[in-house]
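Protein chains: 2
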Amino acid sequence: MPTPLEKARKDPDSMKARILAKARQVFGQYGYHGATTRMIADEVGIDISTLYYHWGEKRDLYEAVILDVNEDLRIKLAEVEDIVHGRPMAERLDISLDIMTDYLFERPEISNLVLFRYFGKTRDEAIMDLSLPEFVSDIACASGLVPTRKNVPNHIKMRVVAMMNLMHSFVSGEDFFRSLFGIERDEYLALVKQTLKFILIPAFATDGRNGGTRCP
Amino acid sequence: MPTPLEKARKDPDSMKARILAKARQVFGQYGYHGATTRMIADEVGIDISTLYYHWGEKRDLYEAVILDVNEDLRIKLAEVEDIVHGRPMAERLDISLDIMTDYLFERPEISNLVLFRYFGKTRDEAIMDLSLPEFVSDIACASGLVPTRKNVPNHIKMRVVAMMNLMHSFVSGEDFFRSLFGIERDEYLALVKQTLKFILIPAFATDGRNGGTRCP
DNA sequence: CGAATTTTCCATCAAATGATGGAAACATTG
DNA sequence: CAATGTTTCCATCATTTGATGGAAAATTCG
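The listed protein sequences derive, respectively, from chains A and B. For our numbering, count along the first sequence from 1 and bump the result up by 226. For our numbering, count along the second sequence from 1 and bump the result up by 226.
The structure is reproduced here in structure tokens:
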């Protein structure tokens, strides 16, 4: 029997999926406590009890959102790995950053939710305990910093985390930084890519394995 | 006549200051909506109405916290500039990163609050509008990327923002990443410094003015 | 000391928020 | 169609949360 989340992902027009989609946005913008079930229901245009009928407690809906986002990220990362595998390091970084930046800019709630999970605490213990794969080892391998997903040393993991944090923070902070710099979306996106490459390529280009096969 | 914030900063033992200090911590951990005035009052060990007596609305207290943190940061940045001015770029970065990382690790609520302001929205418009100097141009100048605080180009500002985001995200995410890596505080702090330098020094070391005078 | 001022706490309110029961609307199926 | 199951909404609750009035306690000052 499929979970509610699986049902929602299978049928994107269903009420479950529509609620989940809006919940992603609202939780992403306001955080767990800042978002209310009423805000989400209003966004969908339904009564609040319909929301509870489909997803149960607020916490369960939030958990579904996190799992949903994780699944999207997993799929996207596999896609990127497919594209860049076998290329030299600098090129691989260049392409990955382009693809992931574009992807996240279209779905900023992903970066928001990831950052909220890293940095913010919740008054609800059960939510804090919601531990999930963080893809750190996968990205380390896919980006060519290590030959295998297993036993990735911590200093490499940290570099991966740094790359991800940098990207997420630029995506999440779009509104803030654009108004700080007084620029439009397109210009900001270009600036983000340029800055990411300026910072990351010098550090990583001479590092890691080049070419080679797919990540085992 | 001094503002409540000025009074609190002048007398750190006063009730105003004690409340402000706890408010920093609680707002930093849980964000604006996640923090309640009752949580803060309980932390101080006072009745909630005493809190309201000293600081008025929740929003006003939050505003005071933001201004307080900004003032601390301003002071610290000036101190760092004093120490590193005139040194070559790589050395300047090396020293600044050490000092600022140590400083923020002692006061993680600063990083938390800064990140919450960048990324999260608030249901209260008046809080979102709370615009403050962000030191970006000052840091650009102090770190030697530009010769003067004025007319710093956007691509340079972005690099500064990147450095700050990276540092803040490591500080804010301490709990999360330490449990992800399974390491102790000291080891994590060392790893953070090492990673910051690994990433930032290659990109910036060959850039910007070296030596020279203080930032005008 | 005693009056005036400041600070603190108790009791309480109104609004917001998470959550639910039950009736109505809608859909499915024999 | 009628019976059954599913979905949606209205009304309502209990709790939490921001906020305040007023009495009591503490402090200041002539």
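A virtual CB, placed ideally from N, CA and C, is assigned to each residue, including glycine.
- Interface annotation, Tyr288/B: not in contact with chain A, CB-CB separation never under 8 Å.
- Of Asn338/B, Phe407/B and Ser240/B, the smallest CA-CA separation from Trp281/B is found for Ser240/B.
- Residue-level contact check: Val387/B touches chain A, since one or more beta carbons of chain A fall below 8 Å from its beta carbon.
- Chain-ordered listing is empty here: chain A has no CB closer than 7 Å to the CB of His311/B, the nearest sitting near 23 Å.
- Neighbourhood of Gln420/A in chain B, by CB distance below 9 Å: His381 and Met384, in chain order.
- Contact between the region 288 to 299 of chain B and the region 314 to 321 of chain B is absent: fewer than 3 CB-CB pairs across the two stretches fall below 8 Å.
- Taking every protein chain shown into account, the CB of Ile425/A has 16 or more other CB atoms within 10 angstroms, so this residue is buried.
- Against chain A, a Cβ distance below 7 Å from Ala429/B picks out Phe424, Ile425, Pro428 and Ala429.
- Just so you know, the alpha carbons of Arg264/B and Phe396/B end up roughly 29 Å apart.
- Neighbours of Glu360/B in chain A, taken as residues whose beta carbon is under 7 Å from its own, are Leu406 in chain order.
- Rounded to the nearest whole angstrom, the CA to CA distance from Phe331/B to Asn338/B is 11 Å.
- Of all C-beta pairs linking the region 344 to 364 of chain B to the region 267 to 279 of chain A, fewer than three are shorter than 8 Å, placing the two stretches out of contact.
- Judged by DSSP secondary structure, Ile336/A falls within the alpha helix (DSSP H) whose first and last residues are Pro334 to Phe345.
- Per DSSP, Leu277/A is one residue of the alpha helix (DSSP H) stretching across Ile274 to Trp281.
- If you draw a straight line from the Cα of Phe407/B to the Cα of Asp401/B, it comes to about 10 Å.
- Apart from sequence neighbours up to five positions away, the residues of its chain that approach Ala431/B with a beta-carbon distance below 6 Å are Met315 and Ala316, ordered along the chain.
- Per DSSP, the continuous alpha helix (DSSP H) segment holding Arg285/A begins and ends at Lys284 to Val310.
- Residue-level contact by beta carbon holds for Gln255/A and chain B, with a gap shorter than 8 Å.
- The beta-carbon separation of Met326/B and Val306/B, rounded to 7 Å, stays under the 8 Å limit for a contact.
- Put simply, the CB of Ser322/B is far from chain A, with every gap to its CB atoms at 8 Å or more.
- For Asp324/B, the closest C-alpha among the options Ile266/B, Val372/B, Leu303/B and Tyr344/B is that of Leu303/B.
- In this structure Gly271/B is exposed. Its beta-carbon is surrounded by fewer than 16 other beta-carbon atoms within 10 angstroms.
- Counted as a single uninterrupted DSSP element, the alpha helix (DSSP H) harbouring Arg250/A occupies residues Met241 to Gly260.
- By the neighbour-count criterion, in which 16 or more other beta carbons inside 10 Å mark a residue as buried, Asp320/B falls on the buried side.
- For a Cβ distance threshold of 7 Å, nothing in chain B lies close to Ile292/A: the least Cβ distance comes to about 14 Å.
- In this structure, Ala429/B is the residue among Asp286/B, Asp328/B and Ala429/B with its C-alpha nearest to the C-alpha of Ile382/B.
- For Arg318/A, no chain B residue has a C-beta closer than 7 Å to its own C-beta; the minimum C-beta separation is roughly 17 Å.
- For Gly260/B, the chain A residues whose C-beta falls within less than 9 Å of its own C-beta are Gly257, Tyr258, His259, Gly260, Gly346, Lys347, Thr348 and Arg349, listed in chain order.
- By the CB criterion at 8 Å, His259/A and Gly399/B fall outside the cutoff.
- The C-alpha of Val386/A is placed about 16 Å away from the C-alpha of Ala416/B.
- At least one C-beta of chain B is nearer than 8 Å to the C-beta of Asn391/A.
- For the 8 Å CB-CB criterion, Glu232/A and Val252/A do not form a contact.
- Residue contact with chain B for Gly370/A: absent (no Cβ-Cβ distance below 8 Å to any residue of chain B).
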